[in-house]
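Engineer:
Residue numbers (full-length UniProt numbering): 1 to 310.
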């Protein structure tokens, strides 16, 4: 039996997408001379902050973009300010490190038209320890620390709409309700697509509470649940459909394979660094949130529009 020929795709908006790829290397999309570099007085007793959150966020964005240490980031931003003719003071490395721990990062997004189709995925990223080659060749150090990234991606715009960072001992399923909690209550969610690790009562109930369809493949040894909740009823219907059609046909029929776009986004997160530079957990959370903001900025410039050919 011959194997099916995989479809070929053609990019319809190549000139616009090519220009967007070029703009990703422009510093003008990351630095705004009109930003509020010095914060307004708080009116409270004590020393006033010298730099605004926007200034700290700009410096840390440059750090993530170019993979620099804190001291090199300070020098880079100083040279950038001189080039644009601004005499602003630049926070030193200790100020950046201290403010990163409590920095509130707002992840920008454009939003999609119609209901939000959320794609869920998770992966691990190294925080401490030797690399994979050293670990396989020499056994590596005993202490190897990993963090786990959980993201929710908008299927239409490919933007990260929700992100959570946990330790490596936290499972995937408990974080799905947390990701859904980051989506505004007034925003309609059409579907939530995730892998079989999220086939739990709590996940299905959380998706049903938002009025969304759960595209989650039942486990191979799955049994029907007691239909006491809307999530259990929807999961039992998916179980019957997968048994009647077969798992392969059910995945194609339900559109489960679109979850691969979330896996591609995870790959993009790691392209900004295979490991974390920060050592404190709160600083690591801010670092990963800045990565998400950078990727959403890339996506806002333009994404390819493809169509199957042949």
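All residues carry an ideal CB built from backbone N, CA and C; glycine is no exception.
What you are looking at is a predicted structure, and each value in this text was computed from that prediction instead of being measured.
Between which residues of its own chain and residue 192 is the CB-CB distance below 6 Å, once the five residues before and five after are set aside?
Structural biologist: Here the question's residue 192 lines up with position 192 in the chain shown. Cβ neighbours of residue 192 beyond the five flanking positions: 118, 207, 212, 214.
Engineer: Between the C-alpha atoms of residue 120 and residue 137, what's the straight-line distance to the nearest angstrom?
Structural biologist: Numbered from 1 along the chain shown, position 120 holds the residue referred to as residue 120. Numbered from 1 along the chain shown, position 137 holds the residue referred to as residue 137. Distance between the alpha carbons of residue 120 and residue 137: 34 Å.
Engineer: Among residues of its own chain, excluding the 5 on either side of residue 27, which ones have a beta-carbon nearer than 8 Å to its beta-carbon?
Structural biologist: Your numbering for residue 27 matches position 27 in the chain shown. Excluding sequence neighbours, residue 27 sits near 80.
Engineer: Run the CB neighbour count on residue 244, radius 10 Å, all protein chains shown included, and call it buried at 16 or more, exposed below.
Structural biologist: The residue you call residue 244 lines up with position 244 of the chain shown. With fewer than 16 other beta carbons inside 10 angstroms of its own, residue 244 counts as exposed.
Engineer: Among residues of its own chain, excluding the 5 on either side of residue 49, which ones have a beta-carbon nearer than 6 Å to its beta-carbon?
Structural biologist: Residue 49 sits at position 49 when you count from the first residue of the chain shown. Once the five neighbours on either side are set aside, the close Cβ partners of residue 49 are 39.
Engineer: My output table needs one value for residue 261: the three-state DSSP class, helix, strand or coil.
Structural biologist: One-based indexing of the chain shown puts residue 261 at position 261. It is helical.
Engineer: Within the same chain, show all residues whose beta-carbon is closer than 6 Å to that of residue 200, passing over the 5 residues directly before and after it, in chain order.
Structural biologist: As a first step, residue 200 must be located in the chain shown, where it is residue number 200. Answer for residue 200: 173, listed in chain order.
Engineer: Whole-angstrom Cβ separation of residue 122 and residue 147, contact assumed at under 8 Å?
Structural biologist: Reading the chain shown from its first residue, position 122 is the one you call residue 122. Reading the chain shown from its first residue, position 147 is the one you call residue 147. That belief does not hold up - the Cβ atoms of residue 122 and residue 147 are roughly 11 Å apart, past 8 Å.
Engineer: Figure out for me which residue from 150, 210, 196, 177 has the closest Cα to the Cα of residue 185.
Structural biologist: Walking along the chain shown from the start, residue 185 turns up at place 185. When 150, 210, 196, 177 are compared, the shortest CA-CA separation from residue 185 is found for 210.
Engineer: Around the Cβ of residue 257, are there at least 16 other Cβ atoms within 10 angstroms (buried) or fewer (exposed)?
Structural biologist: As a working mapping, residue 257 is identified with position 257 in the chain shown. Classification of residue 257: exposed, given that the 10 Å Cβ count is below 16.
Engineer: Keeping to the same chain, check which residues put their C-beta closer than 6 Å to that of residue 162; ignore five residues upstream and five downstream.
Structural biologist: Against the chain shown, residue 162 aligns to sequence position 162. Only 152, 179, 182 meet the Cβ criterion.
Engineer: What does the alpha-carbon distance come out to for the pair residue 90 and residue 59?
Structural biologist: Here residue 90 is taken as the residue at index 90 of the chain shown, counted from 1. Here residue 59 is taken as the residue at index 59 of the chain shown, counted from 1. Their Cα atoms are separated by approximately 9 Å.
Engineer: Can you tell me whether residue 94 is helix, strand or coil according to DSSP?
Structural biologist: One-based indexing of the chain shown puts residue 94 at position 94. In the structure shown, residue 94 sits in a helix (DSSP, three-state: H, G or I).
Engineer: Closest by CA to residue 124, which one among 263, 157, 71?
Structural biologist: Along the chain shown, read from residue 1 onward, the residue named residue 124 stands at position 124. Here the closest residue by C-alpha is 263.
Engineer: Note down the Cα distance separating residue 334 from residue 292, rounded to an integer number of angstroms.
Structural biologist: There is simply no residue 334 to check, as the chain begins at 1 and stops at 310 in what is shown.
Engineer: Going by the beta-carbon positions, is the gap between residue 271 and residue 294 smaller than 8 Å?
Structural biologist: Here residue 271 refers to the residue found at position 271 when the chain shown is read from its first residue. Here residue 294 refers to the residue found at position 294 when the chain shown is read from its first residue. It is not a contact, given that the beta carbons lie outside the stated cut-off.
Engineer: Bridge partners of residue 146, per DSSP?
Structural biologist: Mapped onto the chain shown, residue 146 falls at position 146. In DSSP, residue 146 forms a bridge with 126.
Engineer: Could you pull out every unbroken beta strand (DSSP E) segment of at least 3 residues lying fully inside the UniProt domain "Transposase DDE" (22 to 130), listed in chain order?
Structural biologist: 116 to 128
Engineer: List in chain order: all unbroken alpha helix (DSSP H) runs of 4+ residues lying wholly within the region 190 to 236.
Structural biologist: If we require 4 residues or more, the alpha helix (DSSP H) runs fully inside the region 190 to 236 come out as 201 to 209.
Engineer: Out of curiosity, what's the CA-to-CA distance linking residue 251 and residue 235?
Structural biologist: Position 251 of the chain shown holds residue 251. Position 235 of the chain shown holds residue 235. Taken atom to atom, the span from the alpha-carbon of residue 251 to that of residue 235 is near 14 Å.
Engineer: Buried or exposed: which applies to residue 265, given that a residue is buried once 16 or more other Cβ atoms fall within 10 Å of its Cβ?
Structural biologist: Working through the chain shown from its first residue, we reach residue 265 at position 265. Classification of residue 265: buried, given that the 10 Å Cβ count is 16 or more.
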